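Beneath this line is the structure, given in structure tokens, with notes to follow.
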Amino acid sequence: MIKRVFILLAILGLVLMFLPFLKDFDFHEELGVLSSKYVEGSVNDLNTQNVVTAVIVTYRGLDTLGEVTVLFLATAGVGFLLRKKKTSEKSRKSSELLQTGSQFLFVLIVLTGVYIFTHGHLTPGGGFQGGVLITTAFLLLILADTNLKFNHRILLFVESFSGAFYVIIGLLGVLLIGMNSFLDPTILPIGNFGKLLSAGAIPLIYSLIGLKVGSELTTIIDKMGGE
Numbered sequence: 005m006i007k008r009v010f011i012l013l014a015i016l017g018l019v020l021m022f023l024p025f026l027k028d029f030d031f032h033e034e035l036g037v038l039s040s041k042y043v044e045g046s047v048n049d050l051n052t053q054n055v056v057t058a059v060i061v062t063y064r065g066l067d068t069l070g071e072v073t074v075l076f077l078a079t080a081g082v083g084f085l086l087r088k089k090k091t092s093e094k095s096r097k098s099s100e101l102l103q104t105g106s107q108f109l110f111v112l113i114v115l116t117g118v119y120i121f122t123h124g125h126l127t128p129g130g131g132f133q134g135g136v137l138i139t140t141a142f143l144l145l146i147l148a149d150t151n152l153k154f155n156h157r158i159l160l161f162v163e164s165f166s167g168a169f170y171v172i173i174g175l176l177g178v179l180l181i182g183m184n185s186f187l188d189p190t191i192l193p194i195g196n197f198g199k200l201l202s203a204g205a206i207p208l209i210y211s212l213i214g215l216k217v218g219s220e221l222t223t224i225i226d227k228m229g230g231e
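Per our numbering, the sequence shown runs over residues 5 to 231.
This is how it looks when you write it as structure tokens:
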């Protein structure tokens, strides 16, 4: 009885908390000043078809760099905590059907992930989504064959290269354009609106983010043994 009373009080408290927001909520027929600046700047200044991508990569690019850094620290933490693998448990033997099927699907999933982050400035999606999808392809291989071993040197190289080049692109904006132009995509030609080679360096930045996210999450999955 007391438990139900607490639940009802909690629900009532949430209703009272959000009631003012719902009461004063109003659908705006026109964009605000900041929203208009982002939309117009994405189309006119960057030739970006996906406004969300322009915001993530350009207008809050430093914040995105911080998110990638947090993911790197999480990967390093998992690698440190799970650096000793269990050897006492005997791994099950994988079937040839599972291994063959997973290898076939692996290629399709990776290609889809690459498509997502290379077309992030044109269609929904981007580096994080494409990188996560690539990770699921590696997870499929691990689940199909528990004895599978990855080349960690390749994963480390991809992660290091993409992260370093990401920062270099940001610094090029400062050197070529100005102090307020860190991660400015206009260091490359903005191209024609709606084309693959457009939006300046945004496709390149998103590709680097996709590779970095994919390699780091794959390392985490591998350290955890696919669990």
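C-beta: ideal position from N, C-alpha, C; glycine also.
Just so you know, these numbers come straight off a predicted model, no measurement behind them.
> Name the DSSP bridge partner or partners of S202?
Replying inline: Residue pairing by DSSP places S202 opposite G195 in a beta bridge.
> Is H123 helix, strand or coil when you go by DSSP?
Replying inline: Assignment of H123 by DSSP, reduced to helix, strand and coil, places it in the coil class.
> In terms of residue numbering, what span does the alpha helix (DSSP H) encompassing I138 cover?
Replying inline: Where I138 is concerned, the enclosing alpha helix (DSSP H) starts and stops at 131-148.
>> For T223, tell me which candidate among I206, R157, M5, L69 has the shortest Cα-Cα distance.
In response: When only C-alpha atoms are compared, the closest one is R157.
> Would a C-beta distance cut-off of 8 Å place I206 and V56 closer than the cut-off?
Replying inline: Not in contact: I206 and V56 (Cβ atoms no closer than 8 Å).
> Under the rule that 16 or more other beta-carbon atoms within 10 Å means buried, what is D319, buried or exposed?
Replying inline: The question about residue 319 has no answer, for the chain in this structure spans 5 to 231.
>> Under DSSP, the alpha helix (DSSP H) around Y42 begins and ends at which residues?
In response: Its alpha helix (DSSP H) spans residues 37-44.
> Any chance the segment 113-131 sits against the segment 211-222, with 3 or more Cβ pairs inside 8 Å?
Replying inline: Put simply, the segment 113-131 touches the segment 211-222. At least three CB pairs are less than 8 Å apart.
>> Give me the residue from E100, V171, A141 with the minimum Cα distance to D67.
In response: Checking every option, the nearest Cα to that of D67 belongs to V171.
> So, do the segment 171-181 and the segment 31-41 have three or more beta carbon pairs nearer to each other than 8 Å?
Replying inline: No, the segment 171-181 is not in contact with the segment 31-41.
> Buried or exposed: which applies to F108, given that a residue is buried once 16 or more other Cβ atoms fall within 10 Å of its Cβ?
Replying inline: Exposed.
> Out of curiosity, what's the CA-to-CA distance linking V43 and L137?
Replying inline: Using only the alpha carbons, I get a separation of about 28 Å.
>> Restricting to Cα atoms, I'd like to know which of G130, L126, G81, F169 is closest to G195.
In response: When each option's Cα is compared against that of G195, the closest is L126.
>> Let's test the definition: count the other Cβ atoms within 10 Å of the Cβ of K216 and tell me whether it reaches 16, buried, or not, exposed.
In response: With 16 or more Cβ atoms within 10 Å of its Cβ, K216 is classed as buried.
> Would you call the CB atoms of P128 and N54 closer than 8 Å?
Replying inline: In this structure, N54 lies closer than 8 Å to P128 by Cβ.
> What separation, rounded to the nearest whole angstrom, lies between the Cα atoms of N51 and E100?
Replying inline: The alpha-carbon atoms of N51 and E100 are separated by roughly 48 Å.
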